[in-house]
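Position 69 of the sequence shown, counting from 1, maps to 588 under the numbering used here, and the rest follow consecutively.
Cβ coordinates follow ideal geometry from the N, Cα and C atoms, glycine included.
Here the structure is laid out as structure tokens; the discussion comes afterwards.
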Amino acid sequence: MNLKETLVNTCHKVYANGYVAAYDGNLSVRYDSDKFIITPSGKCKGDVGIDDLIVIDTKGNKLEGRGKVSTEYKIHLLIYNSRPEINSVVHCHPVHATAFAAMGESLNNPVFPEVILSLGKIPLCKYATPSGDGLPNSMSPYVEYCWAFLLENHGAVTVGKTIEGAYYRMEKLEHSAKTLSVIRSMGREKTIPLQKLRELYSIAESTYGIKIDKRSRLDF
Ligand SMILES: [Zn+2]
Numbered sequence: 520m521n522l523k524e525t526l527v528n529t530c531h532k533v534y535a536n537g538y539v540a541a542y543d544g545n546l547s548v549r550y551d552s553d554k555f556i557i558t559p560s561g562k563c564k565g566d567v568g569i570d571d572l573i574v575i576d577t578k579g580n581k582l583e584g585r586g587k588v589s590t591e592y593k594i595h596l597l598i599y600n601s602r603p604e605i606n607s608v609v610h611c612h613p614v615h616a617t618a619f620a621a622m623g624e625s626l627n628n629p630v631f632p633e634v635i636l637s638l639g640k641i642p643l644c645k646y647a648t649p650s651g652d653g654l655p656n657s658m659s660p661y662v663e664y665c666w667a668f669l670l671e672n673h674g675a676v677t678v679g680k681t682i683e684g685a686y687y688r689m690e691k692l693e694h695s696a697k698t699l700s701v702i703r704s705m706g707r708e709k710t711i712p713l714q715k716l717r718e719l720y721s722i723a724e725s726t727y728g729i730k731i732d733k734r735s736r737l738d739f
């Protein structure tokens, strides 16, 4: 399966799983060093086909495609331009993760070891008006280290070395937010103790290649 086919399949998966509604969300993949394939604006992800995909350059100019470039292309370019190892970006509005974002709560509480190992820290990026420079600016303090981001009052972004990697981080993020919302309906989560957290950080970095921001290493 080529990159365009994989991206289209992933669009269908995020819609089928309810991570987006109507025309929401945008997904992209690095095509080569200075070209990116991105979903069009105003098209439901459940209906996106290969011919709908758009190729843009590092400034967001359209090189190929008949539709309009997603309005959130600046989020994607911020990540690609900051992180050469990242080849795919997924932006969705999954219900549970977005609910935490709308409460102004990050998912940084260390509750699930697998989430720390696969997602690292999950910051809450301050609210910004969509479509402009505000959103990339709100993400930029975290972009160097993070693999999953909550956007306050908006949704979530995940990144990966592959389309599958970015997609599965979105799935993991939403699953953990959903589990946490069940925990909150029953009581309050227990967090992982600091010493055990250090062990997880160490495994995340050495085994999974998840860089942990040393400036706030113990301030999860
Ligand atoms: Zn959005």
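Per DSSP, cross-strand counterpart(s) of residue i
i    : result
S547 : I557, V608
F668 : V676
I573 : I557
C644 : L670
V630 : V630 is not bridged to any residue.
Any non-hydrogen atom of ligand 1 within 7 Å of residue i CB
i    : result
P649 : yes
G591 : Strictly speaking, residue 591 in this sequence is Glu, with Gly absent from that position. The answer is yes for E591.
H615 : no
D543 : yes
H595 : no
H610 : yes
G497 : Here the chain has residues from 520 to 739 only, and residue 497 is not among them.
Residue i vs residue j beta-carbon contact at 8 Å
i    : j    : result
N672 : A621 : yes
V662 : V609 : no
L546 : C530 : yes
M658 : L597 : yes
Nearest residue (CA-CA) to residue i, options the options
i    : options                : result
L636 : L526, Y534, K730, K532 : K730
K523 : S552, S721, D570, L643 : D570
E718 : P632, L597, H595       : P632
T677 : G568, G639, E624, N600 : G639
T590 : D551, S552, G579, Y599 : G579
S552 : L572, T525, S607       : S607
L572 : V527, I594, R602       : V527
E708 : V539, L626, Q714       : L626
Within-8 Å CB hit, residue i to chain D
i    : result
V676 : You won't find chain D in this structure, because it holds only one protein chain.
Inspect the CB distances between the segment 577-589 and the segment 553-560 and report whether three or more fall short of 8 Å.
Yes, since at least three Cβ pairs between the segment 577-589 and the segment 553-560 fall closer than 8 Å, the two stretches touch.
May I ask you to verify whether the segment 608-617 touches the segment 693-706, counting CB pairs closer than 8 Å and requiring at least 3?
Cβ pair count under 8 Å is three or more, so yes.
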